[in-house]
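Inspection log for the structure reproduced underneath, given as structure tokens.
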Amino acid sequence: MEAEYRCPICHEGLTRKEGALVCRNRHAFNIARQGYVNLSRKQKQAGDNREMVQARTRFLEKGYYGFLREALADMTAGARTLADIGCGQGWYTRKLQGQLKYGFDLSKEAIRHAAATDKETNYAVAGIYDLPLADASLDMVTSIFTPLPEEEMRRVIQPGGTLIQVMPGPDHLLELKELAYPQAYRNPDKVRHLDGFEEPECIHVKKTVPVSDVWDLFEMTPYRYRTSSEGLRRVREAKPMDITFDFVIVRHQRKEND
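Be aware that the sequence shown starts at 2, since it is given in our numbering, and climbs by one per residue.
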């Protein structure tokens with residue numbers, strides 16, 4: 002199935018012409034040699050930089066989060082049009098099911114990596130609060146550890162469609178936080194009902210495993226940027242340790258008549 006993007010400037014449909022996507026108003030967006038297209042209106046570099054992408058890739062490719070990825074692959078089986086918003090380097094995206102798949106992220110470095118390693122998904126640099134897609138064009142969206150653009154979800158998900166949201170469970174990375182901070186805390190419950198959707202359904206998946214590359218794990222978390230120099234030192238010097246991976250997968254179904 003051919004990707005169907007809309008122009009981020011005028012919202013007209015885009016068609017492929019000579020290595021670019023072009024709308025009727027002649028706004029043109031070049032397709033990179035890796036296969037992705039930059040549909041972001043932001044001119045400055047945004048999202049993860051190269052070092053962050055590399056650290057996350059090194060960690061994820063070792064399979065620590067494999068049990069979460071398999072659960073998501075099962076939950077997306079049967080999807081026709083699916084978008085993974087805030088997809089990063091596409092580690093989850095390339096295993097998700099869908100006859101037509103999109104991956105969106107503001108990080109050009111992450112999208113470049115994703116497009117080079119996954120030719121089954123249409124990747125684009127784009128903000129999740131202004132997706133370059135038509136109204137009601139998706140029957141499934143995945144949002145894995147990303148902020149949730151609720152208004153945009155109501156716009157792009159068709160009636161009866163599904164939003165799958167993944168967020169940290171209460172004990173996620175608890176041992177890592179105990180290492181980095183004087184007083185660790187459990188994550189609060191942030192599951193809630195979304196306007197325009199049915200009551201959410203939750204699945205809790207949890208696993209404690211030995212982790213050898215503690216620093217790579219730490220670098221791919223937001224804790225990296227709000228930890229004291231002493232806490233950073235303890236993490237850098239950490240030996241392999243058991244760490245709990247705790248996730249809540251939330252299924253929101255779009256109301257049929259809304």
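Where is the CB? At the ideal position from N, CA and C, for every residue including glycine.
Keep in mind it's a predicted model, so treat the numbers as computed, not measured.
Figure out for me which residue from the options has the closest Cα to the Cα of residue i.
i	options	result
Met-76	Glu-202, Arg-34 and Arg-59	Glu-202
Val-192	Arg-235, Asp-106, His-253 and Gly-99	His-253
Ala-137	Pro-189, Arg-59, Glu-3 and Glu-153	Glu-153
Thr-143	Ile-204, Ile-250 and Arg-234	Ile-250
Leu-292	Phe-246, Lys-256 and Lys-178	Since the first residue of the chain shown is 2 and the last is 259, residue 292 is not available in this structure.
Gln-35	Val-23, Met-2 and Val-126	Val-126
Ile-10	Ala-239, Arg-234 and Leu-132	Leu-132
Leu-164	Pro-171, Glu-151 and Lys-120	Glu-151
Asn-188	Gly-67, Leu-195, Glu-179 and Glu-19	Glu-179
Glu-121	Lys-109, Gln-98 and Ala-135	Gln-98
Met-242	Pro-223, Leu-218 and Ser-213	Ser-213
Gln-55	Trp-216, Pro-148 and Arg-155	Trp-216
Residue range of the alpha helix (DSSP H) that residue i falls in?
i	result
Ala-21	It is not in any alpha helix (DSSP H) - Ala-21 instead sits in the beta strand (DSSP E) that spans 21 to 23.
From residue i to residue j, what does the alpha carbon distance come to, in whole angstroms?
i	j	result
Cys-8	Gly-128	13 Å
Gly-170	Ile-145	13 Å
Gln-184	Gly-79	44 Å
Pro-211	Glu-176	11 Å
Just to confirm the assignment, what range does the beta strand (DSSP E) spanning residue i have?
i	result
His-205	202 to 212
Would you say residue i and residue j are within 8 Å of each other, going by their C-beta atoms?
i	j	result
Tyr-124	Ile-112	yes
Leu-139	Thr-82	yes
Phe-105	Ala-84	yes
Gln-100	Met-168	no
Return the Cβ separation of residue i and residue j in integer angstroms, given the expectation that the two are a contact with Cβ distance under 8 Å.
i	j	result
Gly-232	Tyr-182	6 Å
Gly-197	Lys-256	6 Å
Arg-57	Met-221	4 Å
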